[in-house]
Amino acid sequence: MNNFTTKGNYADINGLSMYYEIHGTGQPLVLLPGALSGIGSAFGKLIPLLARTRQVIAVELQGYGHTADIADRPLSYECYAEDTAALLEHLRLKQVDILGYSSGAGTALQVAIRYPHLVQKLVLCSVTYTSSGIYPEMRAGIEELTPEFLAGSPYEQEYLQSAPRPQDWPQLVAKAKAFNKQVQEWPAADVKGIQSPVLLIAGDSDLVCPEHIAEIFRLLGGGQPGDLLGLPTSQMAILPGTTHMELTARTDLLMAIIPPFLDAPMPARKV
16 MNNFTTKGNY ADINGLSMYY EIHGTGQPLV LLPGALSGIG SAFGKLIPLL ARTRQVIAVE
76 LQGYGHTADI ADRPLSYECY AEDTAALLEH LRLKQVDILG YSSGAGTALQ VAIRYPHLVQ
136 KLVLCSVTYT SSGIYPEMRA GIEELTPEFL AGSPYEQEYL QSAPRPQDWP QLVAKAKAFN
196 KQVQEWPAAD VKGIQSPVLL IAGDSDLVCP EHIAEIFRLL GGGQPGDLLG LPTSQMAILP
256 GTTHMELTAR TDLLMAIIPP FLDAPMPARK V
């Protein structure tokens with residue numbers, strides 16, 4: 016890891032010129048933004064704080080931010096996970112903690128399912144494993160995902176400032192719309208089988224239903240009286256007064272939760 020600059024790194028990954036930034040030193044923590052988000056809009060306020068004690072590796076997935084799209088490859092969690100795993104292998108990182116937000120959290124979940132040897136701990140912000148975990152009103156609103164609807168939004172502004180081909184914005188929005196319309200129905204057994212400790216975070220007014228977060232928590236061994244049975248290896252936090260778009264900006268709450276979880280000793284692996 017000696018040849019990296021703080022910003023402007025690219026790696027040739029599965030046909031992508033994949034952009035990533037490295038901040039700080041210490042145990043690697045990989046950050047994965049959500050759909051249509053680059054590093055800045057998703058994690059701009061959080062990175063300087065996390066990088067005080069961690070080597071933060073922030074990644075831009077296919078089509079987002081500085082990473083140009085591949086025209087004939089649709090957006091999918093499977094491709095995102097494969098690209099992320101290939102980047103970690105490229106960087107010769109044997110095991111990392113991963114923090115994912117929104118579709119980046121789904122990507123992190125898929126990395127843990129498909130490439131468990133690469134993952135130490137997971138922080139999943141606004142994650143789902145089935146489409147039913149998202150409020151019906153939000154699923155219905157996918158039809159409004161158009162370049163006209165997003166005109167002037169932080170997503171459009173960031174893309175126009177950072178993308179290698181800013182003129183691809185309409186095509187990317189169309190692909191993101193198709194991605195969000197896909198039915199997500201991952202087996203509960205896959206989630207239950209994750210060995211890594213997981214910190215689940217969502218806003219109380221998120222696009223993900225709090226019941227869904229609690230469901231995932233139970234799959235990971237939570238939802239039991241800790242005073243009688245002991246604490247599970249995974250944790251759950253619902254941030255008060257927090258929407259989906261505000262979540263990663265709530266650094267006051269996140270920095271009270273995330274570092275203690277990441278810094279705690281690794282528990283023994285489940286048998």
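Every letter in the sequence shown is one number past the one before it in this note's numbering, and letter 3, counting from 1, is 18. We put the beta carbon where it would ideally sit given N, CA and C, even for glycine. All of these numbers come straight from a predicted model, not from anything done at the bench.
By DSSP's assignment, I72 forms a beta bridge with I37 and V45. In this chain, I209 is not harboured by any beta strand (DSSP E), its DSSP state being neither H nor E.
By a beta-carbon distance limit of 8 Å, P247 does not contact G256. Their separation comes to about 26 Å. Separation of L160 and Q239 (C-alpha to C-alpha, rounded to the nearest whole angstrom) is 40 Å. Listed in chain order, the beta strand (DSSP E) elements of length 3 or more contained wholly in the stretch 90–153 are 111–116 and 134–140. Bounds of the alpha helix (DSSP H) holding M270 are T266 to D278.
The residue from L187, Q77 and L106 with its alpha-carbon nearest to that of C94 is Q77. Contact between the stretch 49–64 and the stretch 263–274 is present: three or more C-beta pairs spanning the two stretches fall below 8 Å. Going by DSSP, A229 is part of the alpha helix (DSSP H) stretching over P225 to L234. Residues of the same chain with a CB within less than 7 Å of the CB of Y79, apart from the 5 flanking positions on each side, are P48, L51, S52 and G53 in chain order. Note on the stretch 235–259: whole alpha helix (DSSP H) runs with a minimum of 4 residues are 241–244, in chain order.
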